[in-house]
Amino acid sequence: MSDQAEKLLRWGLRVPGRLNFNGYLDFERPVCLLPDCGIVNSSIGSFSYAARRTSITAADIGRFCSIGEDCHIGLGQHPTNHLTSSSVLYDANFWSWSGPGRSMIQHADIYRRTSIGNDVWIGTRAMVCGGVKIGDGAIIAAGAVVTKDVAPYTVVGGVPARVIKYRFSKDVIDRLMGIMWFRYDIYAWSNSSAYPIGCQFDHNLLNKIEDAISSGELSFVKSAWSRLKSENGSITIGHKSSDMD
Ligand SMILES: CC(C)(COP(=O)(O)OP(=O)(O)OC[C@H]1O[C@@H](n2cnc3c(N)ncnc32)[C@H](O)[C@@H]1OP(=O)(O)O)[C@@H](O)C(=O)NCCC(=O)NCCS
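In our numbering, each residue's number is its place in the sequence shown (first place is 1) plus 47.
In structure tokens, the structure reads:
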């Protein structure tokens, strides 16, 4: 393992290969990015990972998300209603060619922020357009192109993605959205509980989680966010909003 990979691992970011990285990555340990992922100006919550060759641009990703291989999250949009759709309109230094160099439209309109909730599973080769909001617990089928917001606990697939089904009945989804279990130290609780999160999911487990929350047995996760930053060719890491290491 390279010195850089070992250092990142100490901060709770597992990167067992090449990482194409630009801008910043805010992450809440533990997070894993498999080889050849590309990250630009994004944030990722704990227990989330992205598999090989996945790119994440201007996106905020919650906890417990599983992102498959070759996914593209936060696709940028070229202008469609100007004389040209070319990026000369917003890239003042167009691919480093010298020229008049003038931004004619806002770059912010090109990369709109994308939001991926908690406990979202994104299948292999799915794409999520910039500006889309995917709700907690949703599943994106392999190969989908998501162009519109996805409601919580909804399974979508196809091009463009449409609803395939819902993960649970409406009353269970309402209860899950009410408790938002991923805010709690559920993983530690599960390890010491007679009802681990991996056991069959039914009303019994849901009742147990609701009871543990109302009795105070389950407390909020103490989150620890760090920031990886790329500046002038060098990469720094530190606690979020503090000095860089
Ligand atoms: C979306 C998914 C989770 C659904 O799985 P499931 O709950 O077992 O659902 P089913 O296989 O019963 O399929 C339900 C319907 O969705 C359709 N469907 C399944 N996968 C689909 C896909 N990728 N795109 C479009 N439609 C899909 C099925 O054809 C079926 O349609 P029908 O009701 O008209 O017959 C699964 O098909 C999938 O895409 N998983 C991702 C796999 C992957 O990428 N793994 C890599 C690891 S991250």
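Virtual Cβ for every residue (Gly too), placed ideally from N, Cα, C.
- At least one heavy atom of ligand 1 is found less than 7 Å from the C-beta of residue 113.
- With a cutoff of 8 Å on beta-carbon distance, residue 104 and residue 121 are scored as near each other.
- Close CB contacts of residue 124 within its chain, under the 7 Å cut and outside five residues either way in sequence, are with 157, 177 (chain order).
- Nearest to residue 101 by C-alpha distance, out of 273, 223, 79, is 79.
- Contact between residue 185 and residue 197 holds: their C-beta atoms lie close to 5 Å from each other, under 8 Å.
- Here DSSP, grouped into helix, strand and coil, assigns residue 142 to helix.
- Relative to residue 95, the option among 63, 167, 58, 131 whose CA is nearest is 167.
- According to DSSP, residue pairing for residue 114 in a beta bridge involves 97, 169.
- In this structure, residue 194 has its beta carbon at no less than 7 Å from each heavy atom of ligand 1.
- For residue 195, the secondary structure class from DSSP, reduced to helix, strand or coil, is coil.
- Residue 199 sits close to residue 164, with the two beta carbons spaced by under 8 Å.
- Close CB contacts of residue 286 within its chain, under the 7 Å cut and outside five residues either way in sequence, are with 273 (chain order).
- C-alpha of residue 260 to C-alpha of residue 248: approximately 17 Å in a straight line.
- About 6 Å separates the beta carbons of residue 253 and residue 222, which is inside the 8 Å limit, making them a contact pair.
- When the five nearest sequence neighbours on each side are left out, the beta carbons in the same chain lying within less than 7 Å of the beta carbon of residue 69 are those of 87, 277, in order along the chain.
- With a cutoff of 7 Å, residue 186 counts as near ligand 1, since its C-beta is closer than that to a heavy atom of the ligand.
- In terms of CA proximity to residue 119, 194 leads the group 194, 236, 73, 258.
- Secondary structure of residue 254 (DSSP, three-state): helix.
- DSSP lists 75 as the beta-bridge partner residues of residue 272.
- Within the DSSP bridge table, the entry for residue 66 names 84 as partners.
- When rounded, the separation of the alpha-carbon atoms in residue 110 and residue 73 is 13 Å.
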